[in-house]
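Undergrad:
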């Protein structure tokens, strides 16, 4: 009874955790208080495009430069994402308006772009590049207003506002290229409560920009670098002709507005999604479907098993005359070690490593500790956790290898530490060479690559060896029945017991439970969106674990009933069946959602997708394998065997 009274409280806590991700976060940095006239530094992060997937650093284009360029020291995650945070010549002071100011060069001497520079800018505009700036660690956003499909009367009153990350470098019209050379910054501040005699302090809570393209002749500039903007109707945009030199002025204006938004919730504007409601419904829908199916599966399996075990354990005289059938028949072969036990245990060790890493990352992110404001924190945490989880990976791999009658533990440990990470490193290195060739900031610099190798061989490898050593020394898993000397013959199998059919059947349920979330994750990776719904993700991860385990148990039960005892590898392959559907979904997403036409962006997309699919297969295969192994040991322990 006490549990029933407590239950609403548990549900409430869970809902608060799930919803908590978009209402608060543990800040990565302390708030900065500005006094009036204090400088607010505007920095550039990078240029990105969802059409090419290649980020470039800000000064790869001929923008105005400050007298001294300084790059911010970056963490591992930022480097891997292609961020190169650098100072800019924009002079912005807290709560000080600027009507229009010329950015570089004197007004009577406009910036002259060479033919090469003009070609490069035109190329970047054609590739749909966005520029990303930050002020006080807040990314710049462009406000998009549009009318939603509401009733006609309401349309006049209310517009829907959404924000686009960064601002467009320029636009194309009738095959001509136009550059956004004037930026109107709109910064919002929140006035902090101070005591009466103290100077008021302000905090930056939003950073918007309205980019404009204004022709050189229309920008009236004086000797003090001030300029006047033309009337909106009468101005012509600044064209960039890639076949000749172009002259233009880079200008900007600053406008400050007071806001009620508190500093702690200043990221909410960037994280507002237009379809949170759809998200909730889809998650609840998949939870209900999965638990309903899980319930049915569990009931069927438990009832069938009880019947089987009861029949097998009847100590009647009839049993001697009746012939045994079903899974009891293969009891003398079910624990016969499979082929290639070292590779199997190595892959499962990497799967355990991935499982621990993903579980901790999602849980920590759900509590709000890896918010988008701490740039690159998610990637850095994931890398370090994967290295340190090598202990668990090694331990489980070593113990399983010993159970499978393996003897060469040192070779097994080396295989565990290098097989999966080696494939990942190899693919990333090849892709990195292509990105280097494009001079993109997305290319991992050589020192970072060396640092990653040192982490792999200096942290991960010794930890895997340590775990493997203890796992191998520990008592092997206790198998409840002895294995016969001579292997039993396997009868001919029906068509539906084929491996590939099994993979297709087993992948549907786990994939169905998570494919909505997959869409949001893909958008975050490939379309430069922020992903922050870790509460949802945690729930989806739990559903995935439950559904993988159950499907795996059902598949191994059918296989043993068909008197096929070679279940070790098959369970691992079949449980990862949802990875096949993830691959198909990735191809669908590429064709329908992304506007990628060139070779290298396509190569990058499919290279990284292959890594995701491989990791997902290892993860789901490992979950399914351990569920099936526990199940097989349980059922054979329950029957009496002579």
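Numbering (this note's numbering), first residue to last: 834 to 1475.
Every residue, glycine too, gets a C-beta built ideally from N, C-alpha and C.
Since the model is a prediction, treat every value here as computed from it, not as a measurement.
Name the DSSP beta bridge partners of residue 1024, please?
TA: Per DSSP, 1035.
Undergrad: Where do the N-terminal and C-terminal ends of the alpha helix (DSSP H) with residue 1390 fall, by residue?
TA: Looking at the DSSP string, the run of the alpha helix (DSSP H) that includes residue 1390 is 1367-1394.
Undergrad: Do residue 1086 and residue 876 have their C-beta atoms within less than 9 Å of each other?
TA: In this structure, residue 876 does not lie closer than 9 Å to residue 1086 by Cβ.
Undergrad: Which residue spans inside the stretch 1036-1099 form an unbroken alpha helix (DSSP H) run of at least 4?
TA: Listed in chain order, nothing qualifies, since the stretch 1036-1099 has no complete alpha helix (DSSP H) run of 4 or more residues.
Undergrad: For residue 1338, which residues of its own chain have a beta-carbon under 7 Å away from its beta-carbon, when the five flanking residues on both sides are left out?
TA: Excluding residues within five positions, none has a Cβ falling inside 7 Å.
Undergrad: Tell me which residues share the same chain as residue 1386 and place their Cβ nearer than 7 Å to its Cβ, disregarding the 5 neighbours each side in the sequence.
TA: Excluding sequence neighbours, residue 1386 sits near 1134, 1460, 1461 and 1464.
Undergrad: Spatial neighbours of residue 1251 within its chain, please: C-beta separation below 7 Å, excluding the five flanking residues on both sides.
TA: None.
Undergrad: To the nearest angstrom, how far is the alpha carbon of residue 1139 from that of residue 1472?
TA: So the two alpha carbons sit approximately 10 Å from each other.
Undergrad: With burial defined as no fewer than 16 other Cβ atoms inside 10 Å of the residue's Cβ, what is the status of residue 903: buried or exposed?
TA: Exposed is the call here.
Undergrad: Taking the alpha-carbon positions, what's the residue 968 to residue 916 distance?
TA: Approximately 15 Å between the Cα atoms of the pair.
Undergrad: Would you call the stretch 1255-1264 in contact with the stretch 1231-1245, where contact means no fewer than 3 C-beta pairs closer than 8 Å?
TA: With the cut-off at 8 Å, the stretch 1255-1264 and the stretch 1231-1245 do not touch.
Undergrad: So the alpha helix (DSSP H) residue 968 belongs to, where does it begin and stop?
TA: That residue, residue 968, is in no alpha helix (DSSP H); its beta strand (DSSP E) goes 963-968.
Undergrad: Taking the alpha-carbon positions, what's the residue 1059 to residue 1069 distance?
TA: Taking the straight line joining both Cα atoms gives about 20 Å.
Undergrad: Excluding the 5 residues flanking residue 1218 on each side, which residues of the same chain have their C-beta closer than 8 Å to its C-beta?
TA: The residues are 1189, 1190, 1193 and 1194.
Undergrad: Rounding to the nearest angstrom, what Cα-Cα distance links residue 1044 and residue 945 in this structure?
TA: Distance between the alpha carbons of residue 1044 and residue 945: 20 Å.
Undergrad: Alpha carbons only, please: which of 923, 878 and 1396 is nearest the one belonging to residue 1325?
TA: Nearest C-alpha to residue 1325: 1396.
Undergrad: Are residue 925 and residue 1020 closer than 9 Å when you measure CB to CB?
TA: Yes, Cβ-Cβ distance for residue 925 and residue 1020 is below 9 Å.
Undergrad: For residue 1446 versus residue 1416, is the C-beta spacing smaller than 9 Å?
TA: A contact, by the Cβ cut-off of 9 Å.
Undergrad: For residue 1466 and residue 1267, what's the separation of their Cα atoms in angstroms?
TA: Answer to the nearest angstrom: the Cα atoms are 49 Å apart.
Undergrad: Measuring alpha carbon to alpha carbon, tell me which of 970, 963, 1017 and 1005 ends up nearest residue 997.
TA: Minimum Cα distance to residue 997 is reached at 963.
Undergrad: To the nearest angstrom, report how far apart residue 1294 and residue 911 are at their CA atoms.
TA: Cα-Cα distance, rounded: 25 Å.
Undergrad: Indicate whether the contact test is met: 3 or more Cβ pairs, each with one atom in the stretch 1344-1351 and one in the stretch 1294-1311, closer than 8 Å.
TA: Judged by Cβ distances under 8 Å, the stretch 1344-1351 makes no contact with the stretch 1294-1311, as fewer than three pairs qualify.
Undergrad: When burial is assigned at 16 or more other CB atoms within 10 Å of the CB, is residue 1114 buried or exposed?
TA: Residue 1114 is exposed by the Cβ-count criterion.
Undergrad: Pair every Cβ in the stretch 1429-1441 with every Cβ in the stretch 876-885, then say whether three or more of these pairs are closer than 8 Å.
TA: Cβ pair count under 8 Å is three or more, so yes.
Undergrad: Beta strand (DSSP E) containing residue 875: first to last residue?
TA: It spans 875-881 - the beta strand (DSSP E) in which residue 875 sits, taken as one unbroken run.
Undergrad: Per DSSP, which residues does residue 872 bridge with? Please list them.
TA: Its beta-bridge partners are 926.
Undergrad: Which of the three DSSP states, helix, strand or coil, is assigned to residue 1465?
TA: The answer is helix: DSSP assigns residue 1465 an H, G or I state.
Undergrad: Which residues in the same chain have their Cβ closer than 6 Å to the Cβ of residue 1153, if we skip the five residues on either side of it in sequence?
TA: Confidence at residue 1153 is low in this model, with a pLDDT of 48, below 50, so its placement is unreliable and the value that follows should be read with caution. The answer is none, since no qualifying residue turns up.
Undergrad: Tell me which residue opens and which closes the alpha helix (DSSP H) that residue 1397 is part of.
TA: From DSSP, residue 1397 is part of no alpha helix (DSSP H); its letter is neither H nor E.
Undergrad: What are the partner residues of residue 945, as DSSP defines its beta bridges?
TA: Note: residue 945 sits in a beta bridge opposite 1080.
Undergrad: Count the other CB atoms, across all protein chains shown, that sit within 10 Å of the CB of residue 1173; report buried if there are 16 or more and exposed otherwise.
TA: Counting Cβ neighbours within 10 Å, residue 1173 comes out exposed, since fewer than 16 surround it.
Undergrad: Would you check if the distance between the CB atom of residue 1166 and the CB atom of residue 1390 is smaller than 9 Å?
TA: No, Cβ-Cβ distance for residue 1166 and residue 1390 is not below 9 Å.
Undergrad: From the DSSP output, read off the bridge partner residues of residue 974.
TA: Bridge partners of residue 974: 998 and 1041.
Undergrad: Apart from the five residues just before and just after residue 1392, which ones in its own chain have a Cβ nearer than 6 Å to its Cβ?
TA: Contacts found: 1400.
Undergrad: Looking only at its chain, what residues have a beta carbon closer than 6 Å to the beta carbon of residue 1409, apart from the 5 residues adjacent to it on each side?
TA: Correct list, in chain order: 1450, 1453 and 1454.
Undergrad: What does DSSP give as the partner residues of residue 904 in its beta bridges?
TA: Residue 904 pairs with 919.
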